[in-house]
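Positions 20 to 252 (the working numbering) are the ones given, in order, by the sequence shown.
All residues carry an ideal CB built from backbone N, CA and C; glycine is no exception.
Note that the structure is a prediction, hence the values are computed from the model and not measured.
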Amino acid sequence: MRDKRLIFILVSLLISIGSISFGVDSRIPQIKGDLYVFDEAELISDELERYIIDKSKKIYGETKTHILTTTISSLEGMDIREYSSLLFNNLELDKKDRNGILILVAPNEDKSWIQIGPDVKASIRDNIKNSSIEDEISSYIRMGDFDNGILLGVNKIIQEMDREYNIEIGELKKISRPIESDGFDIPWKFILVIIIIGFMDMKFFKGALFYTITLSIGFGRKGTESYDGRNKR
20 MRDKRLIFIL VSLLISIGSI SFGVDSRIPQ IKGDLYVFDE AELISDELER YIIDKSKKIY
80 GETKTHILTT TISSLEGMDI REYSSLLFNN LELDKKDRNG ILILVAPNED KSWIQIGPDV
140 KASIRDNIKN SSIEDEISSY IRMGDFDNGI LLGVNKIIQE MDREYNIEIG ELKKISRPIE
200 SDGFDIPWKF ILVIIIIGFM DMKFFKGALF YTITLSIGFG RKGTESYDGR NKR
């Protein structure tokens with residue numbers, strides 16, 4: 020019985036050592052075959068998937084650069100940069116030519132990341148990393164608009180490749196909804212009402228209404244207190 024237990028421990032140890040030696044992490048999916056779309060989280064519509072595959076194939080045919088668009092169900096508690104790096108290293112790319120770009124979308128964490136292979140042209144790498152593509156994709160993810168977010172990311176990468184290589188990729192699919200502003204937009208009708216009320220107040224009440232409102236919210240003289248920088252005792 021003790022011998023069997025010892026054998027089990029040794030086998031488990033060998034498996035663990037083997038996993039570490041070959042860089043295998045069970046949390047990272049193994050993507051084989053098609054290196055254009057991997058939709059584990061099932062976010063990408065059929066129409067968008069066809070579009071991505073068509074454009075990615077054209078890019079690869081002209082530049083030998085793989086563009087893989089990926090969605091995952093969970094980062095498994097990992098940082099998205101670490102996850103992206105491990106996922107990229109697991110791809111079946113020629114180890115002597117790491118010419119690939121990975122677009123990773125993690126909807127459950129509201130995050131996205133673009134992993135760029137070391138053999139991608141430096142100018143493309145710099146342009147992508149100096150842009151706000153990841154933030155823009157993440158903005159769509161937070162709104163639950165996955166198709167437009169992923170489409171934006173793919174189009175931005177395609178445009179970078181087109182600028183660098185001047186290739187014929189055809190017309191790009193348009194984003195159906197722009198990113199919503201995070202700022203506070205005041206409706207013009209509300210502004211108009213405020214102007215009218217202000218005019219009536221000045222004309223008929225000599226500003227008394229405005230004074231009363233500001234006083235009630237703490238902007239009047241009774242609601243203010245001077246401070247001379249010294250501690251009160």
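Where residue i and residue j are concerned, what is the direct C-alpha to C-alpha distance, given to the nearest angstrom?
{"i": "asparagine 109", "j": "serine 92", "result": "17 Å"}
{"i": "serine 200", "j": "isoleucine 99", "result": "Unreliable placement is indicated for serine 200, whose pLDDT of 44 sits below 50; the coordinate value is still reported in the next sentence. Serine 200 and isoleucine 99: Cα-Cα distance of roughly 25 Å."}
{"i": "valine 212", "j": "glycine 226", "result": "16 Å"}
{"i": "threonine 89", "j": "glycine 189", "result": "23 Å"}
{"i": "serine 40", "j": "proline 197", "result": "Because serine 40 sits at a pLDDT of 41, beneath the cut-off of 50, its placement in the model cannot be relied upon, and the point is left open."}
{"i": "glycine 168", "j": "serine 157", "result": "7 Å"}
{"i": "lysine 51", "j": "serine 104", "result": "17 Å"}
{"i": "valine 75", "j": "aspartate 53", "result": "Strictly speaking, residue 75 in this sequence is serine, with valine absent from that position. Answer to the nearest angstrom: the Cα atoms are 11 Å apart."}
{"i": "glutamate 155", "j": "isoleucine 186", "result": "25 Å"}
{"i": "methionine 97", "j": "phenylalanine 218", "result": "59 Å"}
{"i": "glutamine 178", "j": "asparagine 146", "result": "11 Å"}
{"i": "alanine 60", "j": "tyrosine 184", "result": "32 Å"}
{"i": "proline 2", "j": "glutamate 81", "result": "What is shown of the chain runs 20 to 252, which leaves residue 2 out entirely."}
{"i": "glycine 163", "j": "leucine 112", "result": "32 Å"}
{"i": "arginine 46", "j": "isoleucine 210", "result": "53 Å"}
{"i": "proline 48", "j": "aspartate 58", "result": "11 Å"}
{"i": "leucine 123", "j": "asparagine 149", "result": "17 Å"}
{"i": "aspartate 73", "j": "serine 142", "result": "24 Å"}
{"i": "methionine 221", "j": "arginine 182", "result": "59 Å"}
Out of the options, which one is the CA nearest neighbour of residue i?
{"i": "serine 151", "options": "Leu211, Asp138 and Lys130", "result": "Lys130"}
{"i": "tyrosine 159", "options": "Met219, Leu112 and Glu128", "result": "Glu128"}
{"i": "valine 173", "options": "Ser64, Pro48 and Ile71", "result": "Ile71"}
Since residue i and residue j should fall inside the 8 Å C-beta cutoff, what is the C-beta to C-beta distance between them, to a whole number of angstroms?
{"i": "valine 56", "j": "glutamate 68", "result": "5 Å"}
{"i": "leucine 62", "j": "phenylalanine 165", "result": "4 Å"}
{"i": "isoleucine 86", "j": "isoleucine 216", "result": "Contact flag wrong, Cβ pair sits at about 56 Å."}
Could you pull out every residue in the same chain whose Cβ sits closer than 6 Å to the Cβ of residue i, ignoring the five residues on either side in sequence?
{"i": "proline 16", "result": "Only positions 20 to 252 of the chain appear in this structure, which leaves residue 16 out of reach."}
{"i": "tyrosine 102", "result": "Leu94"}
{"i": "arginine 144", "result": "Ile135"}
{"i": "isoleucine 214", "result": "none"}
{"i": "aspartate 44", "result": "Leu105"}
{"i": "threonine 231", "result": "none"}
Skipping 5 residues on each side, what residues in its chain have a beta carbon closer than 7 Å to that of residue i?
{"i": "leucine 3", "result": "No statement about residue 3 is possible, as the shown extent of the chain runs from 20 to 252 and does not include it."}
{"i": "threonine 84", "result": "Ile78, Asn118, Gly119, Ile120, Val139 and Met180"}
{"i": "glycine 42", "result": "With a pLDDT of only 49 at glycine 42, under 50, the local geometry of the prediction cannot be trusted, and no value is derived from it."}
{"i": "glutamate 153", "result": "Ser131, Trp132 and Ile133"}
Is the closest heavy atom of the ligand ZN to the C-beta of residue i under 7 Å?
{"i": "threonine 84", "result": "The model depicted lacks the ligand ZN and carries no ligand whatsoever."}
Is any beta-carbon of chain B found at less than 8 Å from that of residue i?
{"i": "serine 104", "result": "Absent from the structure: chain B. Only one protein chain is present."}
Can you name, in chain order, every residue of its own chain whose Cβ lies under 8 Å from the Cβ of residue i, other than the five neighbours on each side?
{"i": "arginine 161", "result": "Asp129"}
{"i": "serine 64", "result": "Asp166"}
field: Any alpha helix (DSSP H) of 4 or more consecutive residues that is wholly inside the segment 60-104
entry: 65-82
message: Please give me, in chain order, every unbroken run of the beta strand (DSSP E) with length at least 3 that falls completely inside the segment 126-155.
response: 130-135
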